[in-house]
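This report refers to the structure that appears directly beneath it.
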DNA sequence: TCAATATATGAATAACTGTTCATATATTAG
DNA sequence: CTAATATATGAACAGTTATTCATATATTGA
């Protein structure tokens, strides 16, 4: 505690930071969710799904890459609650899990000043 | 185009997905920003900074780890526009870059049903 | 100027992640 | 049932990333 000789309000903030730190488990879940949407290929999938639900090969068309790679990415996105899937005959249709996902994307784009 | 035999609306969605896909450069920037906040250690830093600006060693106290590791993480967060820093004497005080950052965190937590 | 404190960084290693390839499973048409 | 189409997955390799260690830079007080 000999470090940081600035005002008392910062000391208090430091204490609050410790007491208000979320549980390790919640931190890990949030981190995993962000990691899921932190690769260009997976982000492209999400941007593609803004248009509505798409089958796997349509997603492959939209984002490029191989069917296998896209399928692996979809599994990761689904495992982290970013997208959901439903089977319709031979096809599996993917879509964004809920409105939070699109909201986060739009916030991020606003933050980075890119108009999408 | 022989795949995916479902309704016409999905075909149209697929076409729109291609035409409305953001530029590679924007995709990369968004991905990098999410990657920056996708590691537990860096997320803890952000949660700590909810309380206001903190010097490096207070952050180290709040999140654990070594000073060196935290400093590396802070550099990454700053390089991606997630946090900002200002020097005050011997200390460098870090804070969340703007209100978008907190908003994204809160949205993510709401999505995952964790109350923080 | 010298010592002490705070912060930053280069290099190396260890751990993690994405892609590819081959193949497996699932569904439907014939 | 068989063939064809759509989707999923295990294993291995390649590329990336986080941490550590040692050290460098910056600021202040004596």
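Chains as they are written, first to last, in this note's numbering: chain E, 145 to 260; chain U, 145 to 260. Heads up, the beta-carbon is just placed ideally off N, CA and C, and yes, glycines get one too.
Mind checking which residues open and close the beta strand (DSSP E) that includes residue 230 of chain E?
227-232
Looking at residue 230 of chain E and residue 237 of chain E, is the spacing between their C-beta atoms short of 8 angstroms?
yes
Assuming the contact rule is C-beta atoms closer than 8 angstroms, residue 206 of chain E and residue 252 of chain U should be a hit. Round their C-beta distance to whole Å, please.
That pair is no contact at about 25 angstroms.
Using a Cβ-Cβ cut-off of 7 angstroms (strictly less than) and excluding sequence neighbours within five positions of residue 249 of chain E, which residues of its own chain qualify?
190
Taking 8 angstroms as the CB-CB cut-off, is residue 229 of chain U touching chain E?
Under the 8 angstroms criterion on CB atoms, residue 229 of chain U is classed as non-interfacial with respect to chain E.
Please confirm whether residue 212 of chain U has its beta-carbon closer than 8 angstroms to some beta-carbon of chain E.
no
Considering Cα atoms alone, identify which of E/254, E/234, E/198 and E/213 is closest to residue 160 of chain U.
E/198
Buried or exposed by the 16-neighbour rule on C-beta atoms within 10 Å, applied to residue 162 of chain E:
exposed
Backbone secondary structure at residue 198 of chain E - three-state DSSP:
strand
Mind checking who residue 251 of chain U pairs with in its DSSP beta bridge?
In DSSP, residue 251 of chain U forms no bridge with anything.
What is the DSSP secondary structure of residue 182 of chain E, counted as helix, strand or coil?
coil
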